[in-house]
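Accompanying notes for the structure given below.
2 protein chains.
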Amino acid sequence: MKRVGIRDVAQRAGVSISTVSNALNRPHMVSERLVERVRSAADQLGYVPLQAAQQLRAGRSGLLGMTVINIANPFFADMVAGAEDAASRAGLRVLVGNSSDDVAKERDHLELFERVQVEGALVSPFGPLEPWLERLRGRGIPVVLVDAVDDTGELPSVSFDDVAGGRLAAEHLISTGRRRLAFVGAREEVRQVRERLQGARLAAAAHPDVTVEPIWTRRTTSDLGRAFGEQLAARSPADRPDGLITSNDHLAIGVVHGLISQGVRVPDDVAVVGYDDIEFAAIAGVPLTSVRQPAREMGRTAAEILLARIAGTAGAELGNVVYQPELVVRASTAGHALRAATHG
Amino acid sequence: MKRVGIRDVAQRAGVSISTVSNALNRPHMVSERLVERVRSAADQLGYVPLQAAQQLRAGRSGLLGMTVINIANPFFADMVAGAEDAASRAGLRVLVGNSSDDVAKERDHLELFERVQVEGALVSPFGPLEPWLERLRGRGIPVVLVDAVDDTGELPSVSFDDVAGGRLAAEHLISTGRRRLAFVGAREEVRQVRERLQGARLAAAAHPDVTVEPIWTRRTTSDLGRAFGEQLAARSPADRPDGLITSNDHLAIGVVHGLISQGVRVPDDVAVVGYDDIEFAAIAGVPLTSVRQPAREMGRTAAEILLARIAGTAGAELGNVVYQPELVVRASTAGHALRAATHG
DNA sequence: CTTCGATTTCGAACCGCTTCGATTGAAGAG
DNA sequence: CTCTTCAATCGAAGCGGTTCGAAATCGAAG
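Protein sequences appear in the order of chains X and B.
At position 302 of the first sequence the residue is numbered 699 (my numbering), and the sequence of numbers has no breaks.
At position 105 of the second sequence the residue is numbered 502 (my numbering), and the sequence of numbers has no breaks.
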């Protein structure tokens with residue numbers, strides 16, 4: 398019932414505590430005979446060293462911290478998986494904090510990271526975090542931003558070119574003949590969203606007859622998307638956008654469903670572009686054209702930069718990595734899909 | 398750059414280390430004046446106690462461990478959220494280990510739980526884990542199974558009546574006129590899957606003219622589902638099942654897509670029932686009839702039982718909670734939906 | 001002005017492990 | 001046979017907190 402400690406192993410093997418530690422962690426310092434004996438004693442007792450004690454002594458935790466906005470979103474789930482890959486290769490574990498779109502939770506996680514003394518943090522920020530990040534830095538905990546860039550340029554980051562993503566989506570719609578575009582997203586405050594809109598406007602600027610109407614929803618669930626789609630269907634055709642850029646696939650799939658349920662045809666009446674290219678985009682009722690972000694690679698790269706920072710080597714030159722978007726064209730915009738694809 | 402420790406706070410406040418500790422953790426033992434002084438010193442320095450040191454001394458970590466089969470599946474994501482709710486109410490954090498359908502990873506997490514000395518574990522088992530669970534028990538770490546039951550009856554559990562789920566799905570199909578049912582799932586070894594099949598067979602047994610054909614896929618992704626749907630479409634109509642029960646919604650949505658893409662009508666030619674009622678079930682191309690499991694409640698309840706076990710109180714009577722299924726009828730089986738719903 | 005008890009503060013041990021310097025013993029050199 | 005050298009093993013310090021019992025302080029009662 399009691400925990401098996403290093404003492405128990407030492408006693409069983411008939412050696413001192415320090416010899417057990419050496420045999421297990423630095424076998425070259427101990428005679429083969431004893432290494433063997435200690436190992437078997439440890440196995441028999443099922444000894445597992447207590448991480449807290451190791452950490453206390455070593456001053457390091459073997460942990461990376463990572464916060465993500467919403468783990469239920471496959472984009473972030475993949476990002477985490479990528480980071481875990483890179484970390485485990487370096488023998489570190491990743492402590493994942495899921496903010497669930499909640500600023501308080503996000504800060505909570507950052508504090509936890511400090512308490513457990515993570516060796517570095519990957520942060521995909523949701524709310525404004527400058528003071529917290531500054532503090533981590535003050536504590537000597539390196540931080541790498543993921544899917545975000547630092548305005549002050551102090552923090553390295555791995556991000557995605559959202560302006561290009563928005564532009565790519567808009568250009569695709571324009572090239573398939575759409576003229577009255579709308580951009581549907583939640584929260585103008587979120588940088589990613591702002592930039593995509595900006596990209597869309599940039600693309601529109603090249604065509605005097607193209608307009609971009611921004612529309613804000615409260616959140617980006619498929620339910621809200623559906624409600625919005627129905628609402629949109631109620632507008633008169635002349636007043637209705639004929640091309641939609643949405644801020645993620647959940648929202649987009651909902652919108653498409655809402656439109657169709659009210660008899661609006663997709664893509665004939667309204668073309669829709671999503672964002673993230675999640676698993677369901679390909680098999681939605683109307684397969685969804687979507688902007689693909691290389692989530693897994695982003696997570697992996699971010700972790701690698703962080704690890705380099707931690708090691709103190711080669712940190713500087715890996716400052717800010719920006720990934721480029723890729724448009725996956727499917728039926729929801731299929732009008733002149735092939736022609737568009739070669740354009741983009 | 399250096400960590401702020403309790404010593405730094407003590408020095409700044411001009412008191413001893415132990416007084417700082419007392420002022421922070423047991424303020425009633427210290428004069429108000431000093432509590433104030435210590436607090437402000439701690440704030441100014443940004444002192445955060447090191448969790449490893451606290452844990453080492455206290456012998457407890459303030460952590461619950463939880464393993465899930467696949468966090469990307471909303472069913473498990475919700476389960477985790479429920480458990481976190483209950484745990485945080487008790488002041489504990491949840492360390493989540495995502496197995497990603499990988500037995501080795503799952504065991505890894507269990508070992509981590511031992512190393513960090515979690516106070517209890519919620520385990521949603523994927524592979525065979527008896528020896529590991531036995532070991533945790535031997536270490537005095539209480540375990541509660543989630544979405545599983547212990548054959549030996551030693552471990553408390555919160556599960557879902559999968560036999561009833563399978564039966565409910567099959568009865569619904571039968572009552573809408575289907576006769577050649579098929580059950581599509583991955584891995585017969587997984588208990589949940591076996592039981593759902595068993596439930597389906599039970600329902601079929603009441604109707605001499607109804608058959609249930611089990612079909613095994615390698616995994617349950619929508620991609621495989623789609624491939625399988627296309628394959629099914631290639632069968633001659635007479636040879637093809639007219640009612641499908643799938644082991645989750647991802648698979649089901651893929652199958653529906655595959656069928657339709659080959660000109661097979663859903664639900665007219667083949668009706669499909671999914672499992673989990675995920676967000677996309679409602680807005681799939683053909684909205685999906687699905688068996689709903691109360692994931693969040695299950696997670697919450699499991700955590701509550703675990704907490705009771707940890708506290709040593711009231712553990713026994715909360716042995717095995719079994720949740721009942723609910724069928725959400727949508728278009729993918731809509732034939733005689735209303736009549737069926739009143740039946741079931 | 002003592003004395004005593006209550007209250008507040010402090011010193012030191014301890015949690016489990018790693019690591020450094022010291023000790024032991026055996027082997028080789030003189 | 002003694003002295004040195006080196007490898008193998010051990011003892012003890014210390015990581016950063018918490019907590020227990022001792023010490024100090026203070027006020028009130030004698």
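Quick reminder that beta carbons are idealized off the backbone N, C-alpha and C, glycines included.
Computed from a predicted model, the values in this text were never measured in an experiment.
Excluding the 5 residues flanking residue i on each side, which residues of the same chain have their C-beta closer than 7 angstroms to its C-beta?
i      : result
G411/X : none
I466/B : F473, S496, D498, S521 and F523
A600/B : R564, A567, E568 and I571
G456/X : none
G537/X : none
H604/B : I571
State yes or no: is the C-beta of residue i within less than 8 angstroms of the C-beta of residue j?
i      : j      : result
V667/X : L656/X : yes
R486/X : L460/X : no
G671/X : A649/X : yes
F472/B : D673/B : yes
R689/B : P664/B : no
V513/B : L526/B : no
R693/X : G479/X : yes
L507/B : T549/B : no
Q595/B : V560/B : yes
V546/X : E511/B : no
I675/X : R623/B : no
G517/X : L703/X : yes
A635/X : I612/X : no
D620/B : S687/B : no
A438/X : V406/X : yes
V661/B : A630/B : yes
F677/B : F677/X : yes
G651/B : D475/B : no
Let me make sure I understand the geometry here. Which of the options has the alpha-carbon closest to that of residue i?
i      : options                           : result
R637/B : I675/B, A649/B, T608/B and G517/B : T608/B
A700/X : V406/X, V477/X, D405/X and L421/X : V477/X
I707/B : L530/B, P539/B, F472/B and R615/B : P539/B
I468/B : D440/B, D499/B, Q448/B and A439/B : D499/B
L453/B : T617/B, S415/B, A480/B and V515/B : V515/B
S418/X : Q441/X, K399/X, R400/X and Q451/X : Q451/X
F625/X : G582/X, V406/X, R697/X and E503/X : G582/X
K502/X : V661/X, W529/X and S644/X         : W529/X
A705/X : R575/X, S658/X and P553/X         : P553/X
R532/B : D440/X, A483/X and S458/X         : D440/X
R409/B : R727/B, A731/B, G651/B and R436/B : R436/B
S633/X : S644/X, G651/X, Q659/X and H654/X : Q659/X
L724/B : V661/B, V669/B, R504/B and G709/B : V669/B
G488/X : T617/X, D475/X, S458/X and Y720/X : S458/X
A731/B : S644/B, R575/B and V652/B         : R575/B
Spell out the partners DSSP gives residue i in its beta bridges.
i      : result
I612/B : V581/B
V555/X : V543/X and V718/X
R490/B : L460/B
I642/B : F580/B and V670/B
N495/X : V465/X
S687/X : G671/X and V725/X
L519/B : M463/B and V541/B
With a threshold of 6 angstroms on Cβ separation, who are the neighbours of residue i within its own chain once the five nearest residues in sequence on each side are excluded?
i      : result
A737/B : Per-residue confidence for A737/B stands at a pLDDT of 36, beneath the threshold of 50, marking its modelled position as unreliable; the derived number appears in the next sentence. Hits under 6 angstroms: H569, S572 and T573.
V543/X : L519, S521, V555 and A699
E481/B : V491
G494/X : T464 and H506
V718/X : V555 and T698
R593/X : D559, G562 and G563
L735/B : Summary for L735/B: the model assigns pLDDT 39, below 50, so the residue's position carries little reliability, and this model does not support an answer.
S415/X : none
V427/B : N419 and A420
G640/X : L570, R575, L578 and A668
Under 8 angstroms Cβ to Cβ from residue i, same chain only, skipping five residues before and after it: list those, please.
i      : result
G402/X : Y444 and L447
E610/B : R577, L578, A579, F580 and P638
R584/B : V590 and W613
H733/B : Confidence in H733/B is poor, its pLDDT being 45 and thus under 50, which makes the residue's placement too unreliable to answer from.
* Between the region 422 to 430 of chain B and the region 425 to 433 of chain X, are three or more C-beta pairs nearer than 8 angstroms? -> Cβ pair count under 8 angstroms is below three, so no.
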